[in-house]
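**Q** I'd like to ask some things about the structure below.
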Amino acid sequence: MKTTHLILACLGLITLAGCDFDSSSSNDTSSPDNKPPNILFIVVDDAGVDQFEVFGYGGATPANTNSISALAEAGVRFRNTWSMPTCSPTRSTFFNGQYPFRSGVRNAIVSNNLANSQPSPYTLTVPKLLREQKGYVNALIGKMHLTGSDLGPENHPLGDDAMRELGWDYFAGYLDGAPYPIDTTAGGVAEEGTYQCGFVPNTTADATLGADYGICYLPDGDHVEMQDIETYPTPGRTCVEMGGILDPWATVASAERHAELDFNIQNGFYTGEWKINLEDGSNRTVLVHEPEARGYRTSKEAQLAIDWIQGQQQYHSDTPWMMTLGFSALHAPLQPPPAALLPHQDATLSLLGCGTPVANAASELGLPATGDIADFSQQRVIAQHMLEAVDHEIGRLLVETGIATQQDDGSLQYQPDSNTVVVLVSDNGTYMPSVKLPFDPRRAKGSLYQSGVWVPLIVTGPESIVASPNRDVEHMVNTTDLFSLFRELAGIDESVLPDYPQLDAQSVRPYLESAYQSSIRTTNFTEQGTNISAEAAPPCVIPAANTCVQIFPQAEVCEDQSGVWYGPGSEANPDGFTSCCAVNEYLVATGGEAVELFPHQQYGIRNDDFKLVRRSILNCATDQLVDTEEFYEINQSTDPEELKLDRAGDDLLEGTLTAEQQHNLTLLRAELEALLLTASNCPGDGNNDGVVDKKDLEEWAYWADTEAGRGLSSWYDLNHDGITDEDDRYIIQDNMGSDCRS
1 MKTTHLILAC
11 LGLITLAGCD
21 FDSSSSNDTS
31 SPDNKPPNIL
41 FIVVDDAGVD
51 QFEVFGYGGA
61 TPANTNSISA
71 LAEAGVRFRN
81 TWSMPTCSPT
91 RSTFFNGQYP
101 FRSGVRNAIV
111 SNNLANSQPS
121 PYTLTVPKLL
131 REQKGYVNAL
141 IGKMHLTGSD
151 LGPENHPLGD
161 DAMRELGWDY
171 FAGYLDGAPY
181 PIDTTAGGVA
191 EEGTYQCGFV
201 PNTTADATLG
211 ADYGICYLPD
221 GDHVEMQDIE
231 TYPTPGRTCV
241 EMGGILDPWA
251 TVASAERHAE
261 LDFNIQNGFY
271 TGEWKINLED
281 GSNRTVLVHE
291 PEARGYRTSK
301 EAQLAIDWIQ
311 GQQQYHSDTP
321 WMMTLGFSAL
331 HAPLQPPPAA
341 LLPHQDATLS
351 LLGCGTPVAN
361 AASELGLPAT
371 GDIADFSQQR
381 VIAQHMLEAV
391 DHEIGRLLVE
401 TGIATQQDDG
411 SLQYQPDSNT
421 VVVLVSDNGT
431 YMPSVKLPFD
441 PRRAKGSLYQ
451 SGVWVPLIVT
461 GPESIVASPN
471 RDVEHMVNTT
481 DLFSLFRELA
491 GIDESVLPDY
501 PQLDAQSVRP
511 YLESAYQSSI
521 RTTNFTEQGT
531 NISAEAAPPC
541 VIPAANTCVQ
551 IFPQAEVCED
561 QSGVWYGPGS
571 EANPDGFTSC
581 CAVNEYLVAT
591 GGEAVELFPH
601 QQYGIRNDDF
611 KLVRRSILNC
621 ATDQLVDTEE
631 FYEINQSTDP
641 EELKLDRAGD
651 DLLEGTLTAE
661 QQHNLTLLRA
671 ELEALLLTAS
681 NCPGDGNNDG
691 VVDKKDLEEW
701 AYWADTEAGR
711 GLSSWYDLNH
721 DGITDEDDRY
731 IIQDNMGSDC
741 RS
């Protein structure tokens, strides 16, 4: 099923310039030459509003984010934006405008999740809409985590064509949800666990295991002699930034030694497996041992975006484009970025928290040196450096593409003549160890609380689009609304959208046009659930959250999230436990305390002043789901003394409600129930057009074709057993003629 290829053929799109890897508004947003604006969409990973000084927060020592601040000062800051609690559900909302209970993407996609919990190729996405209606070309660089990957090929029916089938003309990035774990052998030069940062430190950072010179072996067979301490003060770090492996203290290079080193080990942010969808319909996979796959991810992601945009500017200046750039940072594993990307190029400081002895210098920075709190403090330093590196590369991207210019004092100035609207957002709140005070690290990413779903949103553009820049919008916005924003920016009328399936995206452009626009939303919504799997993932306990989850299918992923693995191969039970309930039985039987179970389903809904949280958690004794509710008063104050978050202990239902509180609780309960009742259940409708007809049988036949290598998980696996077969055809036939659109 090559839906995208058919669309491309109909439009007659010409080949785009190559990159490093082969290279409800009807307002007209076009420039005077009638070309719609270009759109640069930047997604920062795991960075809630707590991280950003320009939003009024950032902790005691805010990150230096001058580039992001410059965008905010030249545009509009949306200070009341909600995402979903984890990446895949939020990222799906950007492009389909639907809440997760409609799209089926209820949590971060992992290898055991069926296609039914991944974005459907039958869905109208932003890149498809912009191409079909206004002739945009669309590129996606970096991470977006919208599908499965090679880690679970049986649940990844679109394979390497996934991003093309979802609408993008060019893709260079990763289908995995996160960088791989850090290689603590530093390329095989030491035992596992030796080098926590993934490279050999210098002796200033680690007098015992560090090295001040050596031979840097490169993946292409070449090498660099790093003997001069003045030229290479941190040779191990410099070498890994170049994509190489340092042989510490070595003075003579040899082919034999090069062959002994392991260039096939993934190493956090310094390697990757890149999937490339070229404009001619062909695909490439760049493996970890290849030079193009090595080097710091944030820089490689930015450079690929620069190359593609410059190609458009040079060869296709009359064609509007949308570049979606998904940075992998600040996602775990937390790993120091290149010192050259930091506002303070102190390599030793940037090693803080990697497990080397320099981590004990935390007290010198006013941080506690031992225990979990110390670990969190150290991780916050690394996360802050990663954010500063992202900011540096955003600035480089803006300047090198002419979207901004750099002033004599180093500051950036947005250039409206670029006819480019820049949209910046994060996919969810900050991950627990990196949360900045006064936000709550125990109610962060992965939760529906404010610290988990309150994200930054910035829109910057020409005066014809963004009036009265450098202002805040305090009204509620949802990440689903970005679907409408992109449509509005392209000048596409809402009337062209299909009536089914229902969209949840609300208009955003009126906020850009007028500083006096009243609130469009009366409520905001977020949710997290359980993706569909043929078998549940093994249990993983996150000690810092005192919670057991069944989300991560592999031990490495669990441990990368600071978790303790209780699946096959665990220390507690080599055979593995099958459920979090079984883990709790074990913990209690061995003298420990039971941990909390992660909710099976949870919803959050708010109005201007109050928030309702509803969670559905399994009761191990009865094997039944039990619903609980929490009710909070919240606001967006930048004053820590006035800021109202949904903290533990502030649940209004634990006391007697005032008349005003009871009124708002009643309203929010009714709004939530009414919203959930709009969910559509249409058995047999695999292409989600609202009817069960002959098309469904034709599409089922495509996905059930075992001779073509299909027949496993697909959107026509209607009984969710991981196989597309005759049982699914029977469901279509039993429901033939059903019309679910009314």
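Sequential numbering from 1 applies to the sequence shown in full-length UniProt numbering. Cβ coordinates follow ideal geometry from the N, Cα and C atoms, glycine included.
Along the beta strand (DSSP E) that carries ALA162, what are the first and last residues, could you check?
**A** Run containing ALA162: none in the beta strand (DSSP E); it sits in the alpha helix (DSSP H), 162-165.
**Q** Span of the beta strand (DSSP E) holding ASP734?
**A** Judged by DSSP secondary structure, ASP734 falls outside any beta strand (DSSP E) and instead within the alpha helix (DSSP H) spanning 726-734.
**Q** What residues are listed by DSSP as bridge partners for TYR174?
**A** LYS143
**Q** Taking buried to mean at least 16 other C-beta atoms within 10 Å of its own C-beta, is GLN314 buried or exposed?
**A** exposed
**Q** Taking a contact to mean a Cβ-Cβ separation below 7 Å, would you say ASN96 touches MET476 in this structure?
**A** Taking 7 Å as the Cβ cut-off, ASN96 and MET476 do not qualify as a contacting pair.
**Q** For my contact list, GLU73 and ASN470 are in at a C-beta cut-off of 8 Å; report their separation, rounded to the angstrom.
**A** 5 Å
**Q** Classify LEU712 as helix, strand or coil using the three-state DSSP reduction.
**A** coil
**Q** Classify ASP721 as buried or exposed, calling it buried when 16 or more other Cβ atoms lie within 10 Å of its own Cβ.
**A** exposed
**Q** Assign PRO100 to one of three DSSP states: helix, strand, or coil.
**A** helix
**Q** Please list the terminal residues of the continuous beta strand (DSSP E) segment that includes ASP247.
**A** 245-248
**Q** When the distance is taken between beta carbons, is LEU334 closer than 7 Å to GLN379?
**A** yes
**Q** So is SER26 buried or exposed if we call it buried at 16+ other beta carbons inside 10 Å?
**A** Because the pLDDT of SER26 is 40, which lies under 50, any placement of that residue in the model is unreliable, and the number read from its coordinates should be weighed accordingly. Answer is exposed; the Cβ neighbour count stays below 16.
**Q** Taking ARG422 as part of the beta strand (DSSP E), name the residues at either end of that continuous run.
**A** According to the sequence provided, residue 422 is Val. The question's Arg does not apply to it. Judged by DSSP secondary structure, VAL422 falls within the beta strand (DSSP E) whose first and last residues are 420-426.
**Q** Is the beta carbon of GLY395 less than 7 Å from the beta carbon of SER67?
**A** Yes. Within cutoff.
**Q** Taking all protein chains shown into account, decide if VAL252 is buried (16 or more other Cβ within 10 angstroms of its Cβ) or exposed.
**A** exposed
**Q** For GLY48 and PHE439, I'd like the C-alpha separation in whole angstroms.
**A** 10 Å
**Q** Could one say the Cβ of TYR136 lies closer than 7 Å to chain B's Cβ atoms, at least one of them?
**A** Looking at the structure shown, chain B is missing, and only one protein chain is on hand.
**Q** Whose C-beta lies closer than 6 Å to the C-beta of TYR180 among residues of the same chain, with five residues either side of it excluded?
**A** GLN266
**Q** Closer than 7 Å by C-beta to THR480: which residues in its own chain qualify, once you throw out the five before and the five after it? Chain order, please.
**A** Within the same chain, THR480 has close Cβ partners THR93, GLY97, GLN98, TYR99, ASP504 and ALA505.
**Q** Any idea if GLY655 is buried or exposed, counting beta-carbon neighbours within 10 angstroms, 16 or more meaning buried?
**A** Exposed, since its Cβ has fewer than 16 Cβ neighbours within 10 Å.
**Q** Whose C-beta lies closer than 6 Å to the C-beta of VAL691 among residues of the same chain, with five residues either side of it excluded?
**A** ASP739
**Q** What does a CB cutoff of less than 7 Å around GLU384 pick up in its chain, not counting 5 residues either side in sequence?
**A** Reading off the sequence shown, one finds Gln at residue 384, where the question assumed Glu. Closer than 7 Å at the Cβ level, and outside the excluded window around GLN384, lie ALA63.
**Q** Express the C-alpha separation of PHE376 and PRO368 in angstroms, rounding to a whole number.
**A** Low local confidence applies: a pLDDT of 47 at PRO368 is under 50, so the model's placement there is unreliable, with the coordinate-based value given in what follows. Rounded to whole angstroms, PRO368 to PHE376 spans 10 Å at the Cα level.
**Q** Would you tell me roughly how many angstroms separate the C-alpha atoms of HIS316 and LEU130, rounded to the nearest one?
**A** The C-alpha of HIS316 lies about 16 Å from the C-alpha of LEU130.
**Q** Verify whether the separation of the beta carbon atoms of VAL549 and PHE598 is less than 7 Å.
**A** yes
**Q** Can you check whether the CB of SER83 is closer than 7 Å to the CB of ASN531?
**A** Cβ atoms of ASN531 and SER83: not closer than 7 Å.
**Q** How is VAL76 classed by DSSP in three states: helix, strand or coil?
**A** strand
**Q** With three or more C-beta pairs closer than 8 Å as the rule, is the region 123-138 touching the region 147-154?
**A** no
**Q** For the pair the region 238-254 and the region 204-213, tell me if three or more CB-CB distances fall below 8 Å.
**A** Segments in contact, yes.
**Q** Is the distance from the Cβ of THR203 to the Cβ of THR194 below 7 Å?
**A** no
**Q** Could you tell me how far apart the beta carbons of GLY684 and ASP696 are, in whole angstroms, since I believe they sit closer than 8 Å?
**A** 6 Å
**Q** What's the gap between the Cα of ILE492 and the Cα of LYS35?
**A** 13 Å
**Q** Hey, quick one: how far does the beta strand (DSSP E) through HIS720 stretch, first residue to last?
**A** Per DSSP, HIS720 belongs to no beta strand (DSSP E) and is neither H nor E.
**Q** Could you check which residue in GLY604, PHE41 and TRP703 has the C-alpha nearest to that of THR523?
**A** Comparing C-alpha distances from THR523 to each of GLY604, PHE41 and TRP703 shows the shortest one belongs to GLY604.
**Q** Spatial neighbours of GLU364 within its chain, please: CB distance less than 7 Å, with the 5 preceding and 5 following residues excluded, ordered by chain position.
**A** Caution applies to GLU364, whose pLDDT of 39 falls short of 50 and renders its modelled position unreliable; the model cannot decide the point.
**Q** Determine contact between the region 637-647 and the region 459-474, defined as no fewer than three beta-carbon pairs at a distance below 8 Å.
**A** no
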